[in-house]
Structures are given as structure tokens and as C-alpha cells.
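Below is one structure, written out as C-alpha cells; the observations come after it.
Number of protein chains: 2
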Amino acid sequence: MLIVKKFGGSSVADKERIMNVAKRCIEDYKRGHDIVVVLSAMGKTTDQLLAKAYDINPLASKRELDMLLTTGEQTSVALMAMAMDYLGVPAVSLNAFQVAMHTTSKYGNSRLKRIDSERIRHELDSRKIVIITGFQGVNKYDDLTTLGRGGSDTTAVALAAALRADACEIYTDVEGVYTADPRVVPNARKLKEITYDEMLEMATLGAKVLHNRSVEMAKKYGVPLVVRSSLNTAEGTVVKEEVKVEGMLLSGVAADKNTARISVIGLKDEPGIAFKLFNVLARKNINVDIILQSVGRDGTKDISFTVDRTDLREALDTLEENKSRITAQKITFEDNVAKVSVIGAGMMSNPGVAAKMFEALYNAGVNIKMISTSEIRVTVLINESEAEKAMVAVHDYFGLED
Amino acid sequence: MLIVKKFGGSSVADKERIMNVAKRCIEDYKRGHDIVVVLSAMGKTTDQLLAKAYDINPLASKRELDMLLTTGEQTSVALMAMAMDYLGVPAVSLNAFQVAMHTTSKYGNSRLKRIDSERIRHELDSRKIVIITGFQGVNKYDDLTTLGRGGSDTTAVALAAALRADACEIYTDVEGVYTADPRVVPNARKLKEITYDEMLEMATLGAKVLHNRSVEMAKKYGVPLVVRSSLNTAEGTVVKEEVKVEGMLLSGVAADKNTARISVIGLKDEPGIAFKLFNVLARKNINVDIILQSVGRDGTKDISFTVDRTDLREALDTLEENKSRITAQKITFEDNVAKVSVIGAGMMSNPGVAAKMFEALYNAGVNIKMISTSEIRVTVLINESEAEKAMVAVHDYFGLED
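Here's what the structure looks like:
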């Protein structure tokens with residue numbers, strides 16, 4: 001088997017953890033497998049490099065930031081190769097140039113375009129463990145680029161696709177994907193399997209186990225992912241196209257507190273107003289989530305929607321600037337809200353999920369502010385202070401613990 | 001003019017020094033010159049990376065060490081580009097892959113073979129300051145290599161040759177090349193000019209301003225070097241093929257304390273013994289310097305020579321192992337010795353230099369243990385404790401201060 005294994009920054013934060021990861025990889029190597037390891041920068045390295053950069057130039061160019069940040073993963077892979085060598089197993093580290101890992105030209109948030117697998121195959125053929133820098137690539141100008149948040153997961157999935165790997169294992173500090181955050185819902189259950197689509201909804205809704213881009217890429221190329229712990233050998237969660245139906249309606253409950261509600265009051269009830277409103281936000285790259293339109297007083301209408309809380313300030317400023325253009329009388333907001341969602345591919349054929357969720361929340365005394373649904377998800381906006389209570393209530397009501 | 005400027009690790013050790021270097025480079029840029037900057041890793045970065053590596057694997061492979069160490073210069077060049085950008089001047093950093101800087105395949109101590117100048121010229125044409133990682137290259141396997149000690153100087157000289165630069169400025173923490181170490185000989189004088197050959201002898205003999213490989217390369221390609229301070233704007237020392245004769249016999253006095261004397265006593269007086277003796281040392285890569293052969297007792301001979309003090313232990317062990325093979329009766333050594341030399345292209349046509357030096361040492365009461373000469377150098381081995389006294393005496397006697 002050819003196995004791609006990805007370890008994040010905390011898994012290689014110091015000598016002991018590097019040796020631990022090296023040992024785990026060597027176990028599979030000694031079973032006769034071909035092993036490709038993808039690493040992030042050690043611990044807080046990336047943050048420290050960014051701090052140095054911004055200290056010199058608060059407006060440092062993305063091109064030079066990428067040149068700087070990519071040293072982080074190169075350090076990790078070199079040290080890991082030394083660790084494996086110390087443990088008696090031949091290993092070789094490769095950076096984005098050496099692979100080569102071709103990306104789009106955009107700095108700071110580029111996309112992988114193509115991976116040359118020749119060098120990797122050559123090293124695997126000589127029975128070496130191949131250790132590759134995650135998160136980084138090279139663009140058409142021969143400049144270093146980085147893939148943005150969760151980039152190392154994407155590197156691992158792309159490598160697994162390019163090498164037609166038999167497995168792609170993403171090692172994290174949790175044992176897999178749970179029906180809810182175990183810190184909030186103590187009886188949350190680890191899932192054996194979950195579909196790509198469910199995983200995408202989970203990730204979007206705040207279960208930060210895998211980055212969406214890596215899941216999208218895995219779905220696109222049919223790469224089966226395994227999410228598992230770097231700290232123990234417990235079986236993780238498999239993410240794939242279809243999972244066995246075990247009477248499972250839902251795969252989990254997720255909460256997202258990085259949200260805020262904006263209401264634009266007293267808009268003229270005429271065509272094009274909603275377009276103008278969301279267009280000014282789109283031009284600032286502000287993503288809008290749940291949208292609700294209601295009839296206001298005197299023939300006007302009100303539009304409410306949610307944005308990431310980190311975008312709230314900019315969204316409000318933009319709307320104020322364009323207040324007359326979008327014919328708004330008043331703009332209000334709430335930033336102490338949270339989204340709680342239930343996710344499950346099974347609900348596509350079961351229309352009662354939303355009603356059952358509202359019932360659970362009613363029983364728990366949680367007030368619902370807004371509602372949004374997709375084919376495999378029901379999301380409600382509630383007070384942030386009630387998010388944990390809501391998660392536990394919904395998790396219990398659907399019986400997700402068994 | 002196209003100017004290559006090289007700054008060492010201490011010149012870019014922190015934010016303040018990086019900004020200082022950026023400002024100096026920008027001055028020349030604003031005069032209309034094309035500027036290429038070569039940087040070493042910041043401060044003690046290389047030592048810190050080595051410590052991390054050896055902590056994980058005391059026998060870390062040179063291939064992976066190079067992969068690790070090359071992150072150091074990449075960090076420097078990225079931060080420097082940000083600093084220049086902050087100061088309003090367009091700059092771009094390039095690493096060994098991007099240039100590309102082709103070297104021999106040997107890790108840890110490779111040689112530059114060829115530099116592609118296309119990318120650099122392209123960036124210069126768009127009026128950018130180009131900042132390049134010193135010390136590193138890429139070999140035929142697409143692996144990163146390092147050039148060994150003084151490597152960044154060599155990078156700068158090689159770039160100056162490849163780009164046919166009008167000047168190659170090596171910035172250090174001293175103002176130039178002196179007639180002697182100013183810490184030892186207070187009235188030492190800064191030289192305006194010195195020949196490549198004199199510089200080579202100076203470097204070999206402990207005046208660590210420039211690394212020999214960079215001077216050899218400068219001589220080979222006729223690159224005029226300027227050695228000057230990164231801390232002030234004083235004119236430095238020009239190193240070139242021929243210097244104006246100003247009645248100058250000598251260019252300087254140098255001392256080297258990294259030396260030890262070994263005497264091999266009672267060797268059979270027959271052909272091939274000296275060959276065997278120095279052959280066993282050569283096989284261990286131990287360089288032998290001054291050699292003196294004398295007649296011993298009872299038809300035997302004694303051979304004395306100097307080695308780097310850092311090689312003394314290994315040299316003695318090797319000789320003990322081969323004692324019977326080289327027919328030695330006894331091996332003795334002295335490690336409290338020093339070499340003091342006078343260097344000057346002018347002495348080629350002036351046979352009195354050696355005699356004058358011995359006279360100076362006699363007057364100062366310094367005993368001479370061994371003597372070695374080349375066309376432009378006279379070296380004596382003396383007690384280490386008398387090295388400073390000897391330097392001052394010789395410097396004064398030849399009137400080098402004016």
C-alpha cells in the first residue's frame with residue numbers, strides 16, 4: 001500500500017513529538033508500505049515568522065511573506081528526515097521546488113494545479129520514506145506560494161490523488177470526527193464513517209477537524225480520508241463518498257460562534273434593492289450566510305442576514321457608506337449570536353428533521369432567531385449564551401450518543 | 001553601475017540592523033545603480049539550527065543538514081525585501097532554486113558551477129533591488145547544498161562574475177584590511193589596496209576578513225573586491241590583481257594561533273619515509289604546513305611540521321597507529337605555538353625581508369622555532385605567548401604604520 005500521512009504543527013512542535021511521529025511512520029514502513037509524510041511548520045513557527053515580518057513591515061507583501069513562511073515547513077521536513085535516519089530508516093525530505101508542487105500564481109492563498117510525482121516515486125522505489133513540505137507550492141514565475149489556511153491537509157490530499165495512494169491519513173489532536181464537540185457534549189460519539197458532503201457541512205459549521213478545501217479535493221478525486229489522532233492508535237473516522245446506512249439519520253451537531261446578525265431596516269420595496277445590498281458586501285469579499293427578508297412598515301421591507309463576526313465591522317461600515325444607495329432607514333446588528341446545526345445525509349429522505357430539532361430547542365427553552373436549511377443540514381441562529389445548551393439538547397433528542 | 005553587496009549574519013542579526021542595511025543599499029539604488037544584495041543567515045541562526053539538528057540526530061546527514069540550514073538565508077532575504085519595500089523601494093528576494101545557483105553535488109561543502117543570470121537581470125531591468133540567499137546552491141539532483149565556511153562571500157563574487165558587475169562590496173564588522181590586527185597592533189594602518197595573492201596569504205594566516213575561496217574566485221574572474229564596514233561609510237580596502245607601487249614592500253603582518261608543532265623523532269634515513277609519514281596524514285585530510293627536516297642521532301632523521309591545532313589530536317593518534325610503519329622512535333608535540341608572517345607582493349624583488357624580520361624578532365627577544373617562506377610571505381613559528389609582542393615588533397620595524 002502507498003499511504004500519505006499528514007501531521008500538523010502541534011504534532012511536530014518539539015524533538016519528542018518529532019521522534020513520536022517518526023516512530024509511527026516507521027511502523028507502517030516496516031509492514032512493507034510505501035510512506036509519504038506531509039508536515040506543517042513546527043508548533044507556533046508560522047505565527048512567530050509573521051510577527052517578525054509585520055514588525056519590519058506591517059504591510060509586507062504576500063510574495064515575500066510566502067518566501068518567509070515556507071522556511072517553516074522546510075525546517076520540519078529536514079528535522080523529520082534526520083529523526084527517521086536516527087531510527088535506522090532511510091528518509092528524504094523534499095520541498096515544493098523539489099517535488100514540484102505547481103500552484104496558481106496568487107500569493108498567500110494559492111491553489112494547487114499539478115504535482116509532479118516522478119521524484120517522489122523515484123525515492124519511494126529506493127525504499128525511502130518521503131517527507132514533503134505541506135502548505136506550499138511554486139507558481140509559474142518560480143516563486144514560492146502558500147495555500148492558505150488548512151493548506152497542509154490540501155497538500156496531503158493532492159499528493160494522495162497524484163500518487164493514487166491507497167490511503168490518506170490526516171493526524172490531528174482529536175481521535176476523529178464526533179457527533180458533536182466532546183468538550184460541549186460529553187456523550188458525543190466518534191463516527192466510524194462520514195460522507196464528504198457531511199464533512200463539508202461540519203467544517204463550515206465550526207467543527208475544525210479538516211479544512212473544507214481538502215475535503216472538496218478529496219471528494220473531487222475520490223481520495224478516501226482517515227482522520228485520526230497523532231497521540232494514540234485509536235481507529236479514526238473515514239471520510240468517503242458513501243457510508244453504510246445503519247439507520248443513521250444524522251452524523252452530528254455543530255455550533256459556530258464566529259457569526260453576527262445584521263438587519264437592514266426600511267428598504268424600499270422595489271426590484272434590485274437586495275441585489276444592490278449584497279453586491280456592496282460581495283465587492284468587499286464579505287460572505288453572507290443565512291438571509292431572511294420580511295415585510296416592514298409602510299410598504300418597506302427589512303432584510304436580515306449573518307456574516308462572520310470577524311467581518312462585522314467592515315460590513316457595517318460598508319452598509320453605512322451605501323445607506324442611501326440601498327435606501328436603508330436603519331442598520332442594526334447583534335454580535336452575541338451563534339449558529340447551531342444538525343448535519344446528516346440521511347435527512348434528505350426524511351422531512352421531519354427540522355421539526356424535531358425545533359421541538360428539542362423549544363423543550364430546552366431556546367429561542368430561534370433565524371432558520372436556514374440545505375439538503376443535508378438544518379441551521380438555526382440563537383443567542384450565543386445558549387449554544388452549549390442547544391447542542392446538548394439536540395444531540396440528546398436525536399439520540400446521537402448510541 | 002551594477003553593484004553586488006554582501007552582508008554577513010551579524011549585519012542582519014535583528015530588525016534595526018536589517019533596516020540599516022536596507023537604507024545603505026537604497027542610497028546607491030537612488031544614485032541610479034543596479035543593486036544585487038547577498039545575505040547570510042541572521043546572527044546565530046545557523047548555529048541554532050545545527051544545535052536542533054544534532055539534538056535529534058548527532059550523525060545527521062549532510063543532505064538533510066543543508067535542507068535545514070538553507071532556511072536561514074531564505075528568512076534573511078525575505079525580511080530584507082520587506083524592509084526595502086517598507087522604505088519605498090521595490091525589492092525581490094530569490095533563493096538558490098530561483099536564481100538558479102548550480103553547484104557540485106557534494107553536500108555541506110559544494111562548489112558553485114554555474115549561475116543563471118536571466119531572472120536576476122529581468123528583476124534588475126524592472127528597477128528592483130534583487131536580494132539573494134548566500135551560502136547555498138542546488139545540485140544536479142535538485143537538492144539544496146551549502147558552500148561551506150565563508151560561502152556567502154563566494155556567492156557574492158560568483159554573482160559579480162556572472163553578472164559582470166562593476167563592483168563587489170563585502171561588508172564586514174571591520175573597515176577593511178589592515179597592516180595587522182588593530183586589536184593587537186594599535187597603530188595598524190588600513191590598506192587602500194591589496195593584491196589577490198597578498199589577500200590569500202593574509203586569510204590563510206589568520207586575518208579572517210575574507211574567505212580564501214571567494215578571493216581565489218575573484219582572482220580567477222578578475223572581480224575587483226571592496227572590503228568595507230557595514231557600520232560606517234569609511235572607504236574600505238580594494239582587493240585586485242595589481243596595486244600601485246608606492247614603495248610599499250609589505251602589506252601586512254598576520255598571526256595565526258590555530259597551529260601546533262609535531263616532531264617525529266628517530267626516523268630511518270631511507271627513501272620513502274617522508275612520503276609514508278605525510279601520506280597517512282593526508283588520508284585523514286589533515287593539512288600539514290611548515291615542514292623542517294633535520295639530521296638526528298645515529299644516522300636517523302627527525303621531521304617537524306605544523307598542523308592546525310584543531311587537527312592535532314587526530315594527527316597524533318594517526319601517527320601513533322602508524323609508528324612502526326613510518327619507523328618513528330618518538331613523537332612529540334607543542335601546542336602553545338603561533339605563526340607570525342609578513343606578507344607583501346613587493347618582497348619578490350627584495351631579498352632582505354626575511355633577514356629584516358629575523359632582526360626585528362631578535363631585537364624583541366623572540367625565539368624562532370621554524371621558518372617558512374613563499375614568494376610573497378615569510379612565516380616564523382614562535383611561542384604563542386610572544387605572538388602579540390612579535391607582531392608589534394615586526395610591524396614597527398618595517399614602518400607599516402605610516
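Residue numbers (full-length UniProt numbering), protein chains in the order written: chain G, 1 to 402; chain D, 1 to 402. Each residue gets a CB set at the ideal place from its N, CA and C atoms; glycine is no exception. Predicted, not measured: the structure shown is a model, and the values here were computed from it.
Residues near residue i in its chain [Cβ-Cβ closer than 6 Å; skip 5 each side]
i                      : result
residue 4 of chain D   : 36, 156, 159, 160, 165 and 168
residue 411 of chain G : No information on residue 411 of chain G is available, as it lies outside the stretch 1 to 402 that chain G covers here.
residue 280 of chain D : 318 and 322
residue 386 of chain D : 366
residue 377 of chain D : 201, 341 and 343
residue 70 of chain G  : 136 and 144
Rounded separation between residue i and residue j - CA only
i                      : j                      : result
residue 21 of chain G  : residue 89 of chain G  : 13 Å
residue 124 of chain G : residue 46 of chain G  : 29 Å
residue 293 of chain D : residue 266 of chain D : 11 Å
residue 171 of chain D : residue 289 of chain G : 57 Å
residue 178 of chain G : residue 310 of chain G : 26 Å
residue 87 of chain D  : residue 67 of chain D  : 32 Å
residue 32 of chain D  : residue 131 of chain D : 17 Å
residue 59 of chain G  : residue 82 of chain D  : 8 Å
residue 38 of chain D  : residue 73 of chain D  : 9 Å
residue 111 of chain D : residue 285 of chain D : 18 Å
residue 436 of chain D : residue 65 of chain D  : Nothing can be reported for residue 436 of chain D, as the shown portion of chain D is limited to 1 through 402.
residue 371 of chain G : residue 44 of chain G  : 38 Å
residue 401 of chain G : residue 189 of chain G : 5 Å
residue 52 of chain G  : residue 118 of chain G : 36 Å
residue 49 of chain G  : residue 12 of chain G  : 17 Å
residue 324 of chain G : residue 272 of chain G : 14 Å
residue 276 of chain G : residue 396 of chain G : 43 Å
residue 361 of chain G : residue 213 of chain G : 32 Å
Given residue i as reference, the closest of the options once Cα atoms are compared
i                      : options                       : result
residue 251 of chain G : G/19, G/93, G/237 and G/141   : G/237
residue 398 of chain G : G/353, G/382 and G/320        : G/353
residue 76 of chain D  : D/57, D/61, D/100 and D/41    : D/41
residue 223 of chain D : D/242, D/298, D/357 and D/18  : D/242
residue 303 of chain G : G/328, G/283, G/285 and G/82  : G/328
residue 389 of chain G : G/339, G/50, G/373 and G/285  : G/339
residue 84 of chain D  : D/193, D/300 and D/27         : D/27
residue 9 of chain G   : G/372, G/173 and G/364        : G/173
residue 296 of chain D : D/264, D/190, D/276 and D/17  : D/264
residue 55 of chain D  : G/148, G/80, G/299 and G/232  : G/80
residue 392 of chain D : D/192, D/253, D/278 and D/358 : D/253
residue 19 of chain G  : G/231, G/211 and G/95         : G/231
residue 257 of chain D : D/204, D/359, D/182 and D/226 : D/204
residue 34 of chain D  : D/122, D/272 and D/13         : D/122
residue 221 of chain D : D/228, D/227 and D/240        : D/240
residue 57 of chain D  : G/25, G/15 and G/94           : G/15
Three-state class that DSSP yields for residue i in the structure shown
i                      : result
residue 141 of chain D : coil
residue 221 of chain G : helix
residue 352 of chain D : coil
residue 303 of chain D : strand
residue 179 of chain D : coil
residue 317 of chain G : helix
residue 134 of chain G : coil
residue 344 of chain D : coil
residue 150 of chain D : coil
residue 293 of chain D : strand
residue 233 of chain G : coil
residue 369 of chain D : coil
residue 65 of chain G  : helix
residue 45 of chain D  : helix
residue 252 of chain G : strand
residue 171 of chain D : strand
residue 270 of chain G : coil
Cβ neighbours of residue i in the same chain (closer than 8 Å, five flanking residues each side left out)
i                      : result
residue 337 of chain G : 259, 260, 261, 306, 369, 381, 382, 383 and 384
residue 316 of chain G : 262, 331 and 333
residue 152 of chain D : 6, 8, 38, 39, 40, 73, 134 and 135
residue 226 of chain G : 167, 168, 169, 170, 236, 237, 238 and 239
Own chain, CB closer than 7 Å to residue i, minus 5 neighbours either side, in chain order
i                      : result
residue 114 of chain G : 102
residue 335 of chain G : 260, 309 and 312
residue 100 of chain G : 116 and 138
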